[in-house]
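Enquirer: Residues -27 to -1, 1 to 245 in mature numbering (1 follows the signal peptide of the UniProt record, and there is no 0) are what the sequence shown lists, from first letter to last.
C-beta atoms are modelled at their ideal positions from N, C-alpha and C, and glycine is treated no differently.
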Amino acid sequence: MSGRRRRSWTIWAPLLASLLLAGLALSAKVVDEEAEADGDDGGGASKKKKPHVNHGKFKADPWTDGHATFYGGRDGSGTTDGGACGYKGELGKDYGALTAAVGPSLYTNGAGCGACYELKGSKGTVVVTATNQAPPPVSGQKGEHFDLTMPAFLKIDEEKAGIVPITYRKVACARQGGIRYTITGNPNYNMVMVTNVGGAGDVVALSVKGNKRVKWTPMKRSWGQLWITEVNLTGESLTFRVMTGDHRKATSWHVAPRDWKYDKTYQATKNF
Ligand SMILES: *[C@@H]1O[C@H](CO)[C@@H](O)[C@H](O)[C@H]1NC(C)=O
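(1) Measuring straight from C-alpha to C-alpha, what distance separates residue 43 and residue 170?
(2) DSSP has residue 89 in a bridge; who is on the other side?
(3) Look at residue 72 and residue 134 and say whether their C-beta atoms are less than 8 Å apart.
(4) If you draw a straight line from the C-alpha of residue 151 to the C-alpha of residue 109, how long is it?
(5) Measuring straight from C-alpha to C-alpha, what distance separates residue 132 and residue 47?
(6) Any heavy atom of ligand 1 closer than 7 Å to the beta-carbon of residue 230?
(7) When every heavy atom of ligand 1 is checked, does at least one fall within less than 7 Å of the C-beta of residue 202?
(8) Pull up the distance between the alpha-carbon of residue 247 and that of residue 233, whole angstroms please.
(9) Could you compute how far the alpha carbon of residue 127 sits from the alpha carbon of residue 97?
(10) Residue 38: buried (16+ other C-beta within 10 angstroms of its C-beta) or exposed?
(11) Starting from residue 69 and walking both ways along the alpha helix (DSSP H), at which residues does that stretch end?
(12) Between the C-alpha atoms of residue 226 and residue 243, what's the straight-line distance to the nearest angstrom?
(13) Using C-beta distances below 8 Å, list every residue in its chain close to residue 235, excluding the 5 sequence neighbours before and after it, in chain order.
(14) For ligand 1, list every residue whose C-beta falls under 5 Å from any of its heavy atoms, going in chain order.
(15) Strictly by DSSP, which residues pair up with residue 251?
(16) State the Cα-Cα distance for the pair residue 123 and residue 79, rounded to the nearest angstrom.
(17) Note the first and the last residue of the continuous alpha helix (DSSP H) segment covering residue 80.
(18) Cα separation between residue 103 and residue 237?
(19) Looking at the unbroken alpha helix (DSSP H) that takes in residue 128, where does it start and where does it end?
(20) Exposed or buried, what is residue 231 when buried is set at 16 or more other beta-carbons lying within 10 Å of its beta-carbon?
(21) Bridge partners of residue 202, per DSSP?
(22) Less than 6 Å between C-beta atoms, sequence neighbours within five positions excluded: which residues of the same chain meet that for residue 30?
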């Protein structure tokens, strides 16, 4: 009897498991909204393209050895204003006091700006956003260098420690509200700063589209998270498409209205 039952399970268990997996895979699929809303594109080739599908969510990387130092004061003074990522003024404040300058292999010429890292020290852990570039690794120390604000450093170790070994991993960024686009410059030289990106947090590609004249146009990274295009964007509602370091994409449809203005920030309804 029990032998028989066991035999029937050996037949059904793999089948059930594969059905379960198929179900999970389906529910984890998040279709980028470009599939439905890309009606005003007009581009013949792009119409035939399959809609982009983001599978699941960004998952944390494995833990890696590194080391941390700090800068600025206990009150968070010296916290990012500007810096190599370009998060100036209000944009810098949005990331709060728990930020880090990250070493060259993580900063990667600005592509690493906005990523989130969980750091573990002898006292505890902290999640920080990469908002600046740190000097290269300190000699004699393991792995990559994180130069933390004092409030961030105090969560993982004592102030007197100065320079400490840590382990770290890239984690998903938890953000409130949608992706933000700050437009500066002029009609011959449009600059867009992308902030408040969830998921992987780091933007590796940005494209813009208008509602009439301007077709999908890849923007170029100027530095940090500042992107530029010389295409005249004036008078059109603007749609931006962001790709993060994990190759997931999000499209912020008509995030800036036709009468958008320079030096203003437009927030999408969605995020990763
Ligand atoms: C940009 O486009 C707007 C709207 O079509 C136009 O009024 C303006 O003259 C253009 N500016 C430049 C610099 O081409």
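Expert: For this structure:
(1) 25 Å
(2) 102, 144
(3) no
(4) 33 Å
(5) 9 Å
(6) no
(7) no
(8) Coverage of the chain is limited to positions -27 through 245, which leaves residue 247 absent and any answer about it impossible.
(9) 9 Å
(10) exposed
(11) Taken as a continuous stretch (DSSP letters only), residue 69 belongs to no alpha helix (DSSP H), as it is neither H nor E.
(12) 10 Å
(13) 156, 157, 158, 159
(14) 160, 205, 207, 208
(15) In the structure as shown, the chain starts at -27 and stops at 245, and residue 251 therefore has no counterpart that could be examined.
(16) 20 Å
(17) 77 to 80
(18) 23 Å
(19) 123 to 129
(20) exposed
(21) 163
(22) none
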